[in-house]
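Per our numbering, the very first residue in the sequence shown carries number 51; after that it's consecutive.
Remarks on the structure that follows.
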Amino acid sequence: MPEPEPSVPELPLPRHTRLYVACQTAGWGLWTLVYIGLVLAQGEVTINGEVLHRQPLAKDIAMIVALNSIGLLLTHGYRAFLRRRGWVRLPWLALLPRILAAVLVLAGLWTALGWPLQHLLGEQIEQTVQVNPATVAIYSIFNGAVFMFVWSALYFGYHIFERYRRSEVERWQLQSTVKEAELRALKSQINPHFIFNSLNSLRALIDENPARARAAVTQLANLLRYSLKAGQLETVPLEDELRVVDDYLALEQVRHEDRLRVRLTVSAAAAAAAVPPMLVQTLVENAVKFGIAPRREGGEIVLEADCVGGELRLLVRNPGTLGNRSGSTGLGLRNAAQRLRLLYGVRGRLELREETSGVVVAELRLPATAPPAAASAAVGPKESAS
């Protein structure tokens, strides 16, 4: 007994083909119903202004359905021709004369193919009035040309809209890809920036205080772990960012000892808000480098954060002046500002200013949003430095 041949699954039609079939069927079907309704409402047949006697209703409907079926087949062949010739990709100046020529050809074909039906109608009305065949032909070609032009306008209008929509999607995808690449590049610049400074602090401590050096190694490990894990996220909770700031400041206090004093004031709402990873650490590092390190007496770094009106406002204050920043390239702050622009647009702002004589303030403002649910878990707890 022969085995049955395996059935080949039918592939679904592409979306644009299904849409074309639906629009073509619905459009011609609706026009047929409207045409029949107009004939019924008119109650009489007119040609070139002449009032003629009414035909049997069944013959009227049959003629309308047949004429519109011819129009449907003509436009379907027209579409196949357009796709084969690639007219939808032509510029308007090259496309418009082609459309006008095609419309006249289609209207002529429609009239020629429908002429037998018109002749049948003409046999009925010759008993009432003599109609010039040339007048009927011109009238039919004109009506057909108008209809085919409307069909062409709808068809090409749809393709122009689709081309615009696809270009917009591709533009946004390109911008997103560029944004991700820029963020990765910025993170790769930021991470070594603080790691090398931390290694310098650790090197100075190894011979002086081995026990404290071991604690510093743990703190540096926390910094590295946070950098690797948080670098995969766009935002993290501020409280997680402050943990790495604590580790960084502990390492800096190895070098500066009592010269570096820190005061933090962070509200509960601000602690739960989302910030880009390593951004606050960059601001604090900048404050230590230019506010504490150059001053023999050191100074105090004040970090304040609160949420007001749906906005996270974070301030980092340090002693110093903006005019006394020799050796600064500004790379860290420029990268921070660029990351804010990429992530938040105009809603993310970073400003560096002198608040009063001898005090420099870095002010960060960004929308007070919650971080992703997995952000804190991804960063994980830090190891104890004890």
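Idealized CB from N, CA, C, for every residue including glycine.
All values reported here derive from a predicted model rather than from experimental measurement.
The beta carbon of LEU132 is closer than 7 angstroms to those of VAL138 in its chain, skipping five residues each way along the sequence.
C-alpha of PRO287 to C-alpha of ARG293: approximately 10 angstroms in a straight line.
ASP290: member of the alpha helix (DSSP H) spanning 288-306, first to last residue.
Here GLY398 is buried, its C-beta having at least 16 other C-beta atoms within 10 Å. In the DSSP assignment, ASN368 is bridged to VAL410.
By DSSP's assignment, GLY349 forms a beta bridge with LEU310. GLY341 counts as buried, since no fewer than 16 other beta carbons sit within 10 angstroms of its beta carbon. Beta-bridge partners assigned by DSSP to PRO417: GLU361. Exposed is the label assigned to TYR214, since fewer than 16 other Cβ atoms lie within 10 Å of its Cβ. Looking at the backbone, the Cα of LEU143 and that of GLY136 are separated by about 15 angstroms. Segment contact: the segment 356-375 against the segment 308-321, three or more CB-CB distances shorter than 8 angstroms; contact assigned. It is roughly 25 angstroms from the alpha-carbon of ALA300 to the alpha-carbon of GLY408. Shortest Cα-Cα distance from VAL338 to any of ALA112, VAL304, ARG363 involves VAL304.
The DSSP-derived three-state label of ALA322 is coil. In this structure, DSSP gives THR315 an extended state, which the three-state scheme calls strand. Classified as exposed, GLN223 has fewer than 16 neighbouring CB atoms from the shown chains inside 10 Å of its CB.
Here GLY164 is buried, its C-beta having at least 16 other C-beta atoms within 10 Å. Annotation for ALA387: LEU400 place their beta carbon closer than 7 angstroms to its own, counting only its chain and skipping 5 residues before and after. Cα atoms of PRO417 and GLN282: separation of roughly 21 angstroms, rounded to the nearest angstrom. At a Cβ-Cβ threshold of 8 angstroms, THR125 and TRP201 count as neighbours.
Here GLN225 is exposed: its Cβ has fewer than 16 other Cβ atoms, across all protein chains shown, within 10 Å. Taken through DSSP and simplified to helix, strand or coil, ASP110 comes out as helix. Here DSSP, grouped into helix, strand and coil, assigns LEU140 to coil.
The three-state secondary structure of ALA355, taken from DSSP, is strand. Rounded to whole angstroms, the Cβ separation of GLU347 and ARG311 is 11 angstroms, and the two are not in contact under 8 angstroms. Distances from the CA of ARG363 to each of LEU123, VAL316, GLU258, PRO369 were compared; the closest alpha carbon is that of VAL316. For GLN331, the enclosing alpha helix (DSSP H) stretches over residues 329-337. LEU381 sits in a helix when the DSSP states are folded into three classes. Our two residues, GLN269 and ALA412, have alpha carbons roughly 25 angstroms apart in a direct line. Excluding residues up to 5 positions away in sequence, ILE111, ILE114 lie with their Cβ nearer than 7 angstroms to the Cβ of ILE86 in the same chain.
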